[in-house]
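Enquirer: In the working numbering, the protein residues as written are 11 to 91.
1) Where do the ends of the alpha helix (DSSP H) carrying residue 68 lie?
2) Taking 8 angstroms as the threshold, find out whether the stretch 39 to 51 comes into contact with the stretch 60 to 70 through three or more Cβ pairs.
3) With a threshold of 16 other CB atoms inside 10 Å of the CB of residue 30, please say whether the residue is buried or exposed.
4) Determine, using beta carbons only, whether residue 47 and residue 28 come nearer to each other than 7 angstroms.
5) Determine whether the beta carbon atoms of residue 72 and residue 24 lie at a separation below 7 angstroms.
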């Protein structure tokens, strides 16, 4: 996978996750869908997206390494693709 592909995947994935998590958690903690929730969601998203993006710069390689180790040591032996 090229570096451009990885970078663009992180942009899209963190956008989707930041939007859904900030939206859902904001809705849960504000008591459901409301004008207040809708007015605060964009701000929460703008804060969450860069944080999520920066964290994935470290978490993605670590999670790939952990997945590789878990599959290598699984009882079934895992399959390499």
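We put the CB at the ideal spot given by N, CA and C, even for glycine.
Expert: Inspection of the coordinates gives the following:
1) 45 to 82
2) no
3) exposed
4) no
5) no
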